[in-house]
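Novice: One structure, pasted below without further comment.
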Amino acid sequence: MLTYIAVSIVPLVMFSSVIFKATENYYVEERKKELLNQANIFAGHITISDYLFDAEKKGEFDEDIENTSTEGGYRTIVVDSTGTVINDSNRTETGKMYLIPEIIEALDNKDIAKLQPNGSIYAVASIADEAGQKVGAVLIADMPSDIAEKMAEIKHQVYVLLAMVVSIVGCLVFWFAHIITEPLNKMMQVIEKIADGHLDQRLPVKQLNYHEMEMVSQSVNDMATKLEQVDSSRQQFVSNVSHELKTPLSSIKVLSESLLMMPDAPKEMYVEFMGDINSEVDRMTEIINDLLTLVRLDQKEIPVNFVNENLNKVIGDIVKRLQPIAGSKNINLVYDEIKDVNADIDETKFTLAISNLVENGIKYTDDGGEVKVVLDSDHQNVFITVSDTGIGMAEEELSKIFQRFYRIDKTRDRETGGTGLGLAITHSTVLMHNGSIKVSSKENEGTTFVVRIPLVNSNLK
Ligand code: ADP
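If you read the sequence shown in this note's numbering, its first letter stands for residue 49, the second for the next number, and so on.
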């Protein structure tokens, strides 16, 4: 508020004082011209009437001087060429020498009008005889009190105006300051609540007066929504993990309790139950390993180490490694290398990502089906397509399958041994390679995943 007042009032005050000075100067200059003009008229009249040299006209001369001076409100003094006062409208100086600088200047050089230190104006015009000789001078001395009065009046008006402007600007500024700070205060209150953990609080967006504030509020709201999502997905994740680990633990508990309650159980039963317990422990280990991988990917604990590799070979190795699993299900695993491609990848992570896709293809395709891996590229990206002729997925599932622990058919997937973490790992890994993954699928017809990764990646982030 102070800044606004300083910016608007100070220049106004400075400006008006400059205007005052200029106006005053103008009035004084005009008055000087007027007085000099009057002095000249007088000088001409004195010459024509021959007042200086005709002693008989003294009375007429006196009257003339007095009348004109009274009329004009000033004092008139007439001196001869020696500076002796011949006539004075005040009658006090007659006969005395009156050689002030202005008179000397007028007699020597040219007519002059000058403002005196006490505020009066002296205008002196020389009197010339018919031959053009300077024979005297007329001095008009005026105290222009009317100018001072005029100036005082102008100043008064300007100051009243200034006071009005100051109060109007002050009120406006106060009002604006209030309008600007009020929503900010409200925003602060809500933001503080959000910071305290009340993530459901939101700022009013439409009630704010400014576009910028609307945008800030919208951003804060978006941030709070994100925080809420993160919070709920964290809770969801913890509950999923607990649930996933609880199921094998319950099985182990049931199996071991049954054995404990049957001290005379036959050896075959022990072997069978221990086998089941063992596979439940394997499953828990698998879940925990997948979780650890994901957590490490999230924390970026394992730095991405891009090395230019021949992808034909890397993917060929994956296919070769998974060929026996496909073979055991009588699935035809095909590898189609359309181009010879080299790209910057982190081989371990890349292998994990593509293996998950191929393993899924084999897992979710019935005996006798086909899983096909295609390697292709353009001048910027490499495209790895993994398609199968398997059970496929419904359209509405496609957006969810990359979520952690998301499995479409829990009972069926438990049999196939999935943890629901494979695609989450693949997704994170592809993002780390600055790529993208797309899925299309039709129930009972098959699924196609397309992974795109830029050919060039840099280790420097
Ligand atoms: P999982 O370990 O259960 O396979 P994923 O994260 O790899 O977990 O996959 C999530 C879910 O997506 C799977 O449970 C499965 O229902 C579905 N899915 C993944 N790949 C395929 C596929 N090729 N065909 C059909 N369904 C698939």
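C-beta: ideal position from N, C-alpha, C; glycine also.
1) Is the Cβ-Cβ distance between LYS486 and VAL498 less than 8 angstroms?
2) With a 10 Å radius around its C-beta and 16 neighbouring C-beta atoms as the bar for buried, classify LEU275 as buried or exposed.
3) Kindly indicate which three-state DSSP category ALA176 falls into: helix, strand or coil?
4) For MET441, which of helix, strand or coil comes out of DSSP?
5) What are the boundary residues of the beta strand (DSSP E) that includes TYR383?
6) Quick check on the burial criterion: 16 or more other C-beta atoms within 10 angstroms. Buried or exposed for GLY245?
7) Just the C-alpha distance for VAL434 and ARG369, rounded to the nearest angstrom, thanks.
8) Going by the beta-carbon positions, is the gap between LEU303 and ALA272 smaller than 8 angstroms?
9) Go ahead and label ASP436 buried or exposed: buried means 16 or more other beta carbons lie within 10 angstroms of its beta carbon, across all protein chains shown.
10) Is the beta carbon of ILE134 less than 8 angstroms from the beta carbon of GLY184?
11) Using 8 angstroms as the threshold, is the C-beta distance between VAL238 and LEU251 below it?
12) Which whole runs of the alpha helix (DSSP H) in the region 331-416 are 4 residues long or more, in chain order?
13) Hey, quick one: how far does the alpha helix (DSSP H) through SER488 stretch, first residue to last?
14) Would you tell me roughly how many angstroms separate the C-alpha atoms of VAL66 and THR130, rounded to the nearest one?
15) So, at 8 angstroms on beta carbons, what are the nonlocal neighbours of LEU342 in its own chain, with the 5 sequence-adjacent residues on each side left out?
16) Between ASN408 and LEU308, what straight-line distance do the alpha-carbon atoms span, to the nearest angstrom?
17) Could you check whether the region 107-122 touches the region 173-192, counting it as contact only if at least three pairs of C-beta atoms, one from each stretch, sit closer than 8 angstroms?
18) Spatial neighbours of PRO502 within its chain, please: CB distance less than 7 angstroms, with the 5 preceding and 5 following residues excluded, ordered by chain position.
19) Would you say ALA401 touches ligand 1, meaning its beta carbon is less than 7 angstroms from a heavy atom?
20) Quick check: the Cα distance between GLU153 and ALA161, rounded to an integer number of angstroms?
21) Could you pull the DSSP bridge partners for PRO314 from this structure?
22) Using a 10 Å radius around the Cβ and a threshold of 16 neighbouring Cβ atoms, would you call MET212 buried or exposed?
23) Is DSSP giving GLY107 helix, strand or coil here?
24) With distance defined between alpha-carbon atoms, name the residue in GLU72, SER506 and LYS294 nearest to ILE393.
25) Helix, strand or coil for LEU100 per DSSP?
26) What is the DSSP secondary structure of ASN138, counted as helix, strand or coil?
27) Below 8 angstroms on the Cβ atoms is my guess for MET49 versus PHE222; work out the distance and round it to an integer in Å.
28) DSSP three-state call for GLU305: helix, strand or coil?
29) Does the separation of the CB atoms of VAL126 and ILE89 fall below 8 angstroms?
30) Going by beta-carbon coordinates alone, are ILE175 and ALA91 separated by less than 8 angstroms?
31) Under three-state DSSP, which class holds TYR170?
32) Would you kindly check if the distance between the Cβ of ILE366 and the Cβ of THR396 is under 8 angstroms?
33) Within 7 angstroms: the Cβ of ARG455 and any heavy atom of ligand 1?
34) Between ALA200 and VAL208, what straight-line distance do the alpha-carbon atoms span, to the nearest angstrom?
35) For the alpha helix (DSSP H) holding LEU47, just list the boundary residues, first then last.
Specialist: The relevant details are as follows:
1) yes
2) exposed
3) strand
4) coil
5) 380-385
6) exposed
7) 16 angstroms
8) no
9) buried
10) yes
11) yes
12) 359-376 and 395-411
13) Not the alpha helix (DSSP H): SER488 falls in the beta strand (DSSP E), residues 484-490.
14) 43 angstroms
15) ARG452, LEU469, ALA472, ILE473 and SER476
16) 38 angstroms
17) yes
18) GLN428, ASN429, ASN482 and GLY483
19) no
20) 10 angstroms
21) According to DSSP, which records beta bridges pairwise, PRO314 is partnered with nothing at all.
22) exposed
23) helix
24) SER506
25) coil
26) coil
27) 6 angstroms
28) helix
29) no
30) yes
31) strand
32) no
33) yes
34) 12 angstroms
35) Lying before the first or after the last residue shown, residue 47 is absent from the chain, which here runs from 49 to 509.
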